[in-house]
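Take the sequence shown: its letters are residues 7 to 156, numbered as in my numbering.
Report on one structure; see the data block that follows.
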Amino acid sequence: MAGLWFDDLAIGDTFDHPIRRTVTETDNVLFTAMTHNPAQLHLDEQYMESSQFGTRIVNSAFTLGLMVGISVGDTTLGTAVANLGWDEVRFPAPVFHGDTIRVTTEVIDLRDSRSRPDQGIVTFLHRAFNQNDELVASCKRTGLQRRRPR
Numbered sequence: 007m008a009g010l011w012f013d014d015l016a017i018g019d020t021f022d023h024p025i026r027r028t029v030t031e032t033d034n035v036l037f038t039a040m041t042h043n044p045a046q047l048h049l050d051e052q053y054m055e056s057s058q059f060g061t062r063i064v065n066s067a068f069t070l071g072l073m074v075g076i077s078v079g080d081t082t083l084g085t086a087v088a089n090l091g092w093d094e095v096r097f098p099a100p101v102f103h104g105d106t107i108r109v110t111t112e113v114i115d116l117r118d119s120r121s122r123p124d125q126g127i128v129t130f131l132h133r134a135f136n137q138n139d140e141l142v143a144s145c146k147r148t149g150l151q152r153r154r155p156r
């Protein structure tokens, strides 16, 4: 199992996830279409040529999902019970087709579950950077995590 048990985590643990992902036009168009988001900034190149960005930008919901998804293998794969929430989601810079995203994760809070003694609550701070080391996304994610079986 790749994920870590609640008992294996400590506040301040930091992960530089080895998986990186280059975002493609197909990623952006498919995700945007599948989620019924007709925003021109994701789909209409001609419209975006005259924008401040000069080209289409990647759907931020895709960026959020990618950032969290990259973190799963090193943190919660097989040990997560449930995602409890995402807070302070930020996109300080746009993601463009062709950007390569890397992600870091820090454990920022741990607490026992009051109702589930075999589980704990962990809060991660995820950060995504492009190939220029520019921060493009961040969020705090809280989840219910299994304790190591006895």
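Cβ atoms here follow ideal geometry from the backbone N, Cα and C, with glycine treated the same way.
Note that the coordinates shown come from a computational prediction; the quantities given were computed from them, not determined experimentally.
On the DSSP bridge list, what partners appear for residue i?
{"i": "Phe21", "result": "Thr111"}
{"i": "Leu150", "result": "Ala88 and Ile127"}
{"i": "Ala67", "result": "Answer is none; Ala67 lacks a bridge partner."}
{"i": "Thr28", "result": "Thr106"}
{"i": "Leu116", "result": "Val128"}
{"i": "Leu141", "result": "Phe135"}
{"i": "Arg96", "result": "Ser144"}
How big is the Cα-Cα spacing for residue i and residue j?
{"i": "Asp13", "j": "Ile114", "result": "14 angstroms"}
{"i": "Leu46", "j": "Thr69", "result": "Looking at the sequence shown, residue 46 is not Leu but Gln. Distance between the alpha carbons of Gln46 and Thr69: 17 angstroms."}
{"i": "Asn43", "j": "Asp93", "result": "22 angstroms"}
{"i": "Leu10", "j": "Val64", "result": "31 angstroms"}
{"i": "Glu112", "j": "Thr82", "result": "13 angstroms"}
{"i": "Arg117", "j": "Leu15", "result": "11 angstroms"}
{"i": "Ile76", "j": "Glu55", "result": "31 angstroms"}
{"i": "Leu90", "j": "Phe130", "result": "11 angstroms"}
{"i": "Pro155", "j": "Pro123", "result": "11 angstroms"}
Locate the alpha helix (DSSP H) running through residue i, then write down its first and last residues.
{"i": "His42", "result": "First-last for His42: undefined, no H or E at that position."}
{"i": "Glu55", "result": "Glu51 to Glu55"}
Measuring alpha carbon to alpha carbon, tell me which residue in the options is nearest residue i.
{"i": "Ala99", "options": "Arg147, Thr30, Pro155 and Gln58", "result": "Gln58"}
{"i": "Gly126", "options": "Thr111, Thr106 and Thr148", "result": "Thr148"}
{"i": "Arg26", "options": "Arg117, Val109, Val128 and Leu141", "result": "Val109"}
{"i": "Val74", "options": "His48, Phe135 and Arg154", "result": "Phe135"}
{"i": "Glu31", "options": "Thr20, Leu49 and Asp22", "result": "Leu49"}
Is it right to say residue i is buried, meaning 16 or more other beta carbons lie within 10 angstroms of its own, or is it exposed?
{"i": "Ile17", "result": "exposed"}
{"i": "Asp105", "result": "buried"}
{"i": "Met40", "result": "exposed"}
{"i": "Ser203", "result": "Nothing in the structure corresponds to residue 203, since the chain is present only between 7 and 156."}
{"i": "Thr85", "result": "buried"}
{"i": "Arg62", "result": "buried"}
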